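Chains as they are written, first to last, in the working numbering: chain H, 22 to 254; chain U, 22 to 254.
Just so it is clear, CB atoms sit at the ideal spot from N, CA and C, and this is done for glycine as well.
For clarity, every value in this text was computed on a predicted model and none was experimentally measured.
2 protein chains.
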Amino acid sequence: QVALLDIDICGPSIPKMMGLEGEQVHQSGSGWSPVYVEENLGVMSVGFLLSSPDDAVIWRGPKKNGLIKQFLRDVDWGEIDYLIVDTPPGTSDEHLSIVQYLSAAHIDGAVIITTPQEVSLQDVRKEINFCHKVKVPIIGVVENMSGFICPKCKNESQIFPPTTGGAEKMCQNLNISLLGKVPLDPQIGKSCDKGQSFLSEVPESPATSSYRSIIQRIQEYCDLQHFQEEKTI
Amino acid sequence: QVALLDIDICGPSIPKMMGLEGEQVHQSGSGWSPVYVEENLGVMSVGFLLSSPDDAVIWRGPKKNGLIKQFLRDVDWGEIDYLIVDTPPGTSDEHLSIVQYLSAAHIDGAVIITTPQEVSLQDVRKEINFCHKVKVPIIGVVENMSGFICPKCKNESQIFPPTTGGAEKMCQNLNISLLGKVPLDPQIGKSCDKGQSFLSEVPESPATSSYRSIIQRIQEYCDLQHFQEEKTI
């Protein structure tokens with residue numbers, strides 16, 4: 022059982038990407054019900070609370086924090102194995118609140134996404150510093166948009182050139198795991214826009230094998246951590 | 022005289038992209054001095070106040086708003102023709118504060134940047150709604166990362182496919198100007214990482230002509246607006 026919580030309050034893209042646009046959150050005796058993509062995948066996002074997908078949530082920090090608290094307290098997630106939280110970029114209200122509200126529970130760790138160029142890596146180093154400061158373990162870094170193979174001539178271009186060595190070099194320097202690199206594939210954007218699973222739609226692509234290997238590495242990390250916790254109890 | 026103010030407090034990329042990394046803000050009798058790229062281009066960013074480019078600013082909204090107020094009140098911008106404000110994505114503290122603090126002055130308008138796919142356009146429609154609600158005129162929309170020409174075979178790929186018609190269709194539907202489309206060019210990322218001006222480094226590229234034409238359209242918009250204001254005074 023997997024739960025996906027979108028805490029990008031001002032730019033919630035998860036409903037569209039999951040094919041759940043127009044879905045509503047239902048209230049039951051036990052709280053808000055998540056919206057289910059499949060039986061084992063429940064989703065919560067502010068997008069489900071808006072009357073139109075173009076509606077803007079024009080809120081300062083405190084109101085955003087209040088909604089994040091509600092998402093954690095008032096949603097009946099049921100029995101879940103994984104709670105995945107998607108955050109906006111930055112190191113501000115959303116990030117501080119989710120860490121604070123989940124401090125009594127246990128956060129396995131953060132998966133940090135970057136693109137290959139230094140301008141992005143600089144922002145990501147700030148996120149890594151944030152994790153260190155608030156004591157959230159880092160599972161690893163994913164390099165997204167990592168190179169593009171021309172469909173016509175098969176030549177590979179670095180669209181976002183890794184001028185300082187990309188995520189690989191950064192991870193070496195900071196002693197953090199590189200979980201994988203996902204190549205640029207126009208089908209990924211298409212699948213997101215259509216709300217379809219890229220992994221099911223294009224099962225044979227290099228990007229799909231990259232995603233699968235990243236997922237496996239995250240699972241292994243979590244399994245190992247839980248095993249070690251059980252040993253120490 | 023142009024002033025560039027970076028109000029992305031948690032992810033300031035302007036110092037790196039402008040080649041100003043490591044520069045410090047100087048205090049004078051008349052306030053903080055901006056950092057100058059050239060004589061006619063002064064820049065202010067929280068990046069100049071950090072001891073390392075990887076330092077994270079872990080602040081909730083109110084502290085971010087306080088710094089934005091300081092940037093407007095305490096910086097000695099001198100006589101300037103244009104103040105360009107670079108915001109993070111979203112419709113939250115930074116956006117509300119800058120609009121509020123500049124309300125007594127006059128905001129010519131917002132330039133809104135998107136990529137071609139629907140997932141981005143959805144966020145951008147929220148920004149457009151924000152501008153309508155806070156009564157900031159919209160100068161127009163720029164479509165970034167608008168198509169990639171393979172350097173080897175010259176075949177064009179839509180890396181971020183415009184599944185719903187891209188910025189062009191959105192602008193038609195919302196009756197907003199499309200200021201231009203900037204193609205994906207790996208040299209742009211390289212110039213940003215090196216802190217060099219792409220327009221000077223690669224003066225003959227399609228992306229450069231696109232940038233030039235966008236700049237011209239923005240200038241024309243502002244000139245026309247100022248002319249009409251003078252007429253009504």
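Are residue i and residue j close, meaning C-beta to C-beta below 8 Å?
i	j	result
Gly161 of chain U	Pro204 of chain U	no
Thr184 of chain U	Asp206 of chain H	no
Pro110 of chain U	Gly32 of chain H	yes
Val106 of chain H	Ile28 of chain H	yes
Phe219 of chain U	Gln237 of chain U	no
Pro137 of chain U	Gln193 of chain U	no
Ile30 of chain H	Val78 of chain H	yes
Leu26 of chain H	Leu123 of chain H	no
Ser231 of chain H	Gly201 of chain H	yes
Cys171 of chain U	Lys211 of chain H	no
Ala131 of chain H	Ile159 of chain H	yes
Val56 of chain H	Val46 of chain H	yes
Trp53 of chain H	Val23 of chain H	no
Val157 of chain U	Ile235 of chain U	no
Gly82 of chain H	Asp114 of chain U	yes
Asp76 of chain U	Asn196 of chain H	no
Met65 of chain H	Leu142 of chain H	no
Gly87 of chain U	Gln217 of chain U	no
Note down, in chain order, every chain H residue with its Cβ under 8 Å from the Cβ of residue i.
i	result
Asp214 of chain U	Gln138, Glu139, Val140, Pro182, Thr184 and Thr185
Asp144 of chain U	Gly32 and Ser34
Lys154 of chain U	Ala77 and Ile79
Listing by chain order, which chain U residues have their CB less than 9 Å from the CB of residue i?
i	result
Gln179 of chain H	Pro207 and Gly210
I'd like to confirm the pairing. Which residues does DSSP put opposite residue i in its beta bridges?
i	result
Gln48 of chain H	H:Trp53
Asp27 of chain H	H:Ser66 and H:Asp107
Val58 of chain U	None; Val58 of chain U has no bridge partner.
Ser178 of chain U	U:Phe169
Thr135 of chain H	H:Glu164
Under 7 Å Cβ-Cβ, which residues of chain H neighbour residue i?
i	result
Ala188 of chain U	Within chain H, no residue comes near Ala188 of chain U; the closest Cβ sits about 14 Å away, beyond 7 Å.
Leu199 of chain U	Result: empty, since nearest Cβ-Cβ is about 18 Å, beyond 7 Å.
Pro74 of chain U	Gln143
Asp114 of chain U	Arg81 and Gly82
Could you check where the alpha helix (DSSP H) with residue i kicks off and where it finishes?
i	result
Met191 of chain H	Gly187 to Leu195
Asp144 of chain H	Glu139 to Lys154
Gly82 of chain U	Gly82 to Asp95
Asp244 of chain H	Pro227 to Thr253
Leu220 of chain U	Phe219 to Glu222
Asp214 of chain U	Pro207 to Lys215
Lys37 of chain H	Ile35 to Met38
For the beta strand (DSSP E) containing residue i, name the first residue and the last one.
i	result
Ile128 of chain U	No beta strand (DSSP E) holds Ile128 of chain U; DSSP gives it neither H nor E.
Ser66 of chain H	Leu62 to Ser66
Glu100 of chain H	Taken as a continuous stretch (DSSP letters only), Glu100 of chain H belongs to no beta strand (DSSP E), as it is neither H nor E.
Leu199 of chain U	Leu199 to Lys202
Glu164 of chain U	Ile159 to Glu164
Taking Cβ positions only, does residue i come closer than 8 Å to chain U?
i	result
Ser234 of chain H	no
Ser34 of chain H	yes
Ile89 of chain H	no
Phe169 of chain H	yes
Lys202 of chain H	no
Phe248 of chain H	no
Phe7 of chain H	This structure cannot settle anything about residue 7 of chain H, because the visible part of chain H is limited to 22 through 254.
Gly82 of chain H	yes
Leu41 of chain H	no
For residue i, go through chain H and note every residue whose CB falls closer than 9 Å to its CB, in chain order.
i	result
Phe69 of chain U	Within chain H, no residue comes near Phe69 of chain U; the closest Cβ sits about 14 Å away, beyond 9 Å.
List, in order along the chain, the chain U residues whose C-beta lies closer than 8 Å to that of residue i?
i	result
Leu109 of chain H	One detail in the question is off: residue 109 of chain H reads as Pro in this sequence, not Leu. The answer, in chain order, is Pro110 and Gly111.
Pro172 of chain H	Asn176 and Ser178
Lys37 of chain H	Glu139, Val140 and Gln143
Leu117 of chain H	Ile79 and Arg81
Lys147 of chain H	Cys31, Gly32, Asp75, Asp76, Ala77 and Val78
Does any residue of chain H have a CB that is nearer than 8 Å to the CB of residue i?
i	result
Asp27 of chain U	no
Ile79 of chain U	yes
Phe92 of chain U	no
Lys252 of chain U	no
Met65 of chain U	no
Asn194 of chain U	no
Asn61 of chain U	no
Asn165 of chain U	no
Return no unless some Cβ of chain A is closer than 8 Å to the Cβ of residue i.
i	result
Pro204 of chain H	Here the protein chains are H and U, and chain A is not one of them.
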